[in-house]
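Chain order of the listed sequences is B and A.
Take 1 as the starting number for the first sequence in our numbering and just add one per residue.
Take 322 as the starting number for the second sequence in our numbering and just add one per residue.
Glycine included, each C-beta is placed from N, C-alpha and C at the ideal position.
Protein chains: 2
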Amino acid sequence: MSSPAIYDPIAAELDLVIERLRELARVDFPWLGQMLEHVLRQRGKQIRPALCLLAARFHPCDMRQVVTMAAAAELLHTATLVHDDTVDKSALRRGDPTVHSLWGDSTAILLGDYLFANSADLCTSTGNLRCVHLFAYTVMTLCKGELNELFSAFDVKQTREHYLQRIERKTASLFAMATESGALLSNAPEAEVEALRRFGHHLGLAFQIVDDILDYMGTEEDLGKPVGNDLLQGTVTLPAILLLEREPSDTTVRRACEGPDREAAVREAVERIRSSGMIEEAYAVARGFADAALAELKHLPSSPAQASLRGLVDYVLSRSR
Amino acid sequence: MSSPAIYDPIAAELDLVIERLRELARVDFPWLGQMLEHVLRQRGKQIRPALCLLAARFHPCDMRQVVTMAAAAELLHTATLVHDDTVDKSALRRGDPTVHSLWGDSTAILLGDYLFANSADLCTSTGNLRCVHLFAYTVMTLCKGELNELFSAFDVKQTREHYLQRIERKTASLFAMATESGALLSNAPEAEVEALRRFGHHLGLAFQIVDDILDYMGTEEDLGKPVGNDLLQGTVTLPAILLLEREPSDTTVRRACEGPDREAAVREAVERIRSSGMIEEAYAVARGFADAALAELKHLPSSPAQASLRGLVDYVLSRSR
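Below is the structure:
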């Protein structure tokens with residue numbers, strides 16, 4: 001299933017999500033409107049709103065509420081990106097200059113807060129208290145994940161378990177919120193809500209592992225950032241952790257984290273990890289989570305939405321950027 | 322009424338608020354717990370939780386819910402301080418080193434987000450959808466106010482109206498949320514909810530004007546920061562705006578904003594503003610809002626809570642730090 005085909009059953013609603021987000025840029029201060037337009041123009045793959053919309057498709061429901069929640073999920077993701085780019089000092093995001101590189105850190109902090117607040121407001125306007133609870137819990141979890149990433153930077157002693165716990169928080173929690181909230185708003189029976197939540201959770205883990213793998217692959221040109229950028233930032237992800245596990249005597253990752261001449265050491269570590277078979281092993285871990293996600297779909301009736309969720313799993317595993 | 326006497330009718334509940342906030346520091350990561358303890362230890366005047374608790378005192382209600390909401394208001398305030406100190410590059414807050422000065426900007430961004438998320442979670446756990454709506458709307462308003470402050474820095478063309486709109490957003494909105502949410506949780510009739518909301522709003526305006534006046538008064542030793550620090554940061558507050566209004570040909574404020582040698586120009590502007598009578602005029606504006614706040618109390622029955630709210634108005638006008 002190609003990416004447009006995956007989104008076919010929800011194409012109209014996805015347009016409404018985009019419209020809903022565009023409306024946010026219509027504010028009383030022109031300078032704020034301009035910044036919001038910049039941020040909201042940079043549209044990514046829209047997996048989170050798509051997950052929310054698809055998860056709501058198994059029962060008849062008020063799709064306006066679901067569109068609102070899907071917009072909240074996308075906006076929450078956008079808010080975290082604005083702050084993450086500031087924390088990581090990244091110059092580019094989806095090929096465009098980041099907020100902090102255009103307008104400075106202070107603006108990025110406050111604009112990110114404003115986006116957080118707007119996403120909370122969108123979520124609240126669904127009027128569904130369980131969704132609001134879920135939203136607040138998810139934001140807490142995301143922040144814990146991001147803080148953990150910051151505090152475990154350059155730490156070569158972290159294990160696969162530490163890594164999984166971190167990406168569970170910083171990525172899978174938002175995927176799970178998207179699917180769970182869609183299910184809740186469609187008044188799905190509890191067993192389906194649970195299945196869709198777990199689906200989102202496992203898919204989120206697979207997505208982040210693949211994302212972390214892609215950082216080691218391709219060229220600087222493909223990626224729009226240096227190959228091995230995560231390691232350069234001190235973020236030790238699954239391929240490096242697997243190498244540290246398998247070959248404790250190998251010092252490449254350690255040197256990439258601890259220097260001196262970290263840039264050269266990172267290049268060397270990227271080569272070592274690519275040739276060590278750890279990329280393939282990391283893919284196998286991602287496939288394991290993708291399979292766990294697919295297994296959850298058995299709890300749901302066959303339908304175009306179910307086929308799209310299946311298609312999303314394939315897409316997450318096969319994407320090259 | 323002295324400050325302890327003001328808090329007498331809610332002393333037990335205020336202790337519970339503090340306990341509730343302390344609980345947040347009991348987290349699974351020791352480094353996060355340590356940072357939270359640092360932030361939550363720095364207790365200010367606790368006006369916002371006190372307002373929430375007092376506003377709920379006019380009708381019998383579940384005080385546990387109100388305590389939770391009061392904790393949410395205080396924590397939201399704390400979150401904004403962590404980000405504001407980072408934006409303003411302030412080294413000290415309530416005599417303690419700020420988060421960003423201790424652990425860096427990145428940690429401050431993410432810790433502030435975590436505090437925001439926790440305050441949203443506390444608010445959500447009241448289970449009152451109107452409070453949750455109010456909370457989300459307030460966070461949006463606060464962010465707009467902070468962004469506006471950043472974007473109007475060094476702008477000597479701003480008017481009293483601009484200033485009032487800004488402090489309405491960045492301060493009065495949170496005071497109003499505190500009183501309105503307390504009233505809502507006590508199931509007060511709509512007219513009382515409105516009166517208490519307006520009380521909080523006017524008190525917040527008076528509070529911020531006095532806060533801005535105090536920045537021009539006293540000595541560096543009293544303030545724990547340089548006299549005229551706001552102006553040094555480019556924040557043009559009421560006393561300076563009044564001088565610009567009254568004496569358009571006076572160039573002291575302009576030179577303090579536009580340089581060269583801004584430090585000396587700020588010292589000169591502080592002297593000029595102190596001797597120009599603008600401090601007294603600014604106090605008169607604050608007193609106007611304080612009177613408007615007091616007028617709202619007529620809609621409420623005489624009671625210890627009403628007396629405390631009245632006492633808070635006096636305190637806000639008379640405080641010297």
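Cross-chain neighbours of residue i in chain B, by beta carbon under 7 Å
| i | result |
| --- | --- |
| A:D442 | A136, Y137, M140 |
| A:A438 | A136, V139, M140, C143 |
| A:G703 | No answer is possible for residue 703 of chain A: the residues shown for chain A start at 322 and end at 642. |
| A:L353 | L147 |
Within chain A, partners of residue i - CB distance below 7 Å
| i | result |
| --- | --- |
| B:H133 | T445 |
| B:S106 | V408, L471 |
Residue i versus the options, residue with shortest Cα-Cα distance
| i | options | result |
| --- | --- | --- |
| A:R567 | A:I600, A:E541, A:V587 | A:I600 |
| B:L294 | B:T78, B:A264, B:A195 | B:A195 |
| B:S302 | B:L54, B:L40, B:Q34, B:V82 | B:L54 |
| B:S101 | B:T86, B:R94, B:P248, B:G95 | B:T86 |
| B:L51 | B:S320, B:R262, B:A307, B:T237 | B:A307 |
| A:R518 | A:Y537, A:M538, A:S494 | A:S494 |
| A:V387 | A:T419, A:T401, A:G448 | A:G448 |
| A:D543 | A:S641, A:R364, A:R451, A:A613 | A:S641 |
| B:G95 | B:L122, B:T124, B:T107, B:Q42 | B:Q42 |
| A:L342 | A:H522, A:G609, A:C382, A:A400 | A:A400 |
| B:Y137 | B:V99, B:I109, B:K157, B:E180 | B:E180 |
| A:V637 | A:E617, A:K619, A:R608 | A:R608 |
| A:R575 | A:L443, A:L397, A:F475 | A:F475 |
| A:L335 | A:V348, A:G365, A:D349 | A:G365 |
| A:V606 | A:G555, A:L353, A:T492, A:H523 | A:H523 |
| B:D28 | A:R593, A:N469, A:L559 | A:N469 |
| A:C578 | A:T558, A:F520, A:K619, A:S639 | A:T558 |
| A:P381 | A:I562, A:G503, A:E541 | A:G503 |
| A:A663 | A:T492, A:T556, A:A561, A:E541 | Any property of residue 663 of chain A remains undetermined from this structure, which presents chain A solely from 322 to 642. |
| A:S596 | A:G354, A:L563, A:P351 | A:L563 |
| B:R272 | B:G259, B:K298, B:A292, B:P239 | B:P239 |
| B:K157 | B:P97, B:P248, B:L309 | B:P248 |
Supposed contact pair residue j and residue i - C-beta distance, whole angstroms, cut 8 Å
| i | j | result |
| --- | --- | --- |
| A:E340 | A:Q367 | Not really, about 13 Å apart at Cβ, beyond 8 Å. |
| A:F379 | A:L565 | Not confirmed; about 42 Å, so no contact. |
| A:A603 | A:V634 | No, A:A603 and A:V634 are not in contact; Cβ-Cβ is about 17 Å, not under 8 Å. |
| A:M498 | A:L471 | Actually they are not in contact, since the Cβ atoms of A:M498 and A:L471 sit about 22 Å apart, beyond 8 Å. |
| B:F175 | B:G204 | 3 Å |
| A:P625 | A:P330 | 4 Å |
| A:D434 | B:H83 | 6 Å |
| B:G218 | B:A5 | Actually they are not in contact, since the Cβ atoms of B:G218 and B:A5 sit about 25 Å apart, beyond 8 Å. |
| A:L432 | A:V420 | 6 Å |
| A:C452 | A:L505 | 6 Å |
| A:F520 | A:E589 | 39 Å between Cβ atoms; not a contact. |
| B:D215 | B:D230 | 5 Å |
| A:V338 | A:A391 | 5 Å |
Under 8 Å by beta carbon: chain A residues contacting residue i
| i | result |
| --- | --- |
| B:F175 | Per Cβ cutoff of 8 Å: no residues; B:F175 is ~17 Å from chain A at best. |
| B:D62 | Chain A residues near B:D62: none, gap ~16 Å exceeds 8 Å. |
| B:Y114 | M461, C464, K465, L468 |
| B:H83 | I430, L431, D434 |
Under 9 Å by beta carbon: chain B residues contacting residue i
| i | result |
| --- | --- |
| A:L432 | C143, L147 |
| A:F475 | Neighbours of A:F475 on chain B: none; closest Cβ ~13 Å, over 9 Å. |
| A:F350 | K144, L147, N148, F151 |
Under 9 Å from the C-beta of residue i: neighbouring residues of chain A
| i | result |
| --- | --- |
| B:F289 | The contacting residues do not exist; B:F289 stays about 23 Å from chain A at best. |
| B:F207 | Simply none; closest approach about 21 Å. |
Below-8 Å beta-carbon distance, residue i vs any chain C residue
| i | result |
| --- | --- |
| A:P370 | Looking at the structure shown, chain C is missing, and the protein chains on hand are B and A. |
query: Three or more C-beta pairs closer than 8 Å, one from the segment 115-131 of chain B and one from the segment 451-466 of chain A: is that the case here?
result: yes
message: As an exercise, report each continuous alpha helix (DSSP H) stretch of at least 4 residues that is fully enclosed by the segment 254-313 of chain B, in chain order.
response: 262-275, 278-296
task: Flag this pair as touching only if the segment 185-195 of chain B and the segment 208-217 of chain B have three or more C-beta atom pairs under 8 Å; answer yes or no.
output: no
The segment 577-597 of chain A touching the segment 539-555 of chain A, judged by at least three CB pairs closer than 8 Å: yes
- prompt: Quick one: any contact between the segment 477-487 of chain A and the segment 348-367 of chain A, if contact means 3 or more CB pairs under 8 Å?
  reply: no
message: Give the list of continuous alpha helix (DSSP H) stretches no shorter than 4 residues that lie fully inside the segment 81-161 of chain B.
response: 99-103, 105-124, 129-151
message: Which runs of the alpha helix (DSSP H) at least 4 residues long sit entirely within the segment 333-397 of chain A? Give them in chain order.
response: 351-362, 368-376
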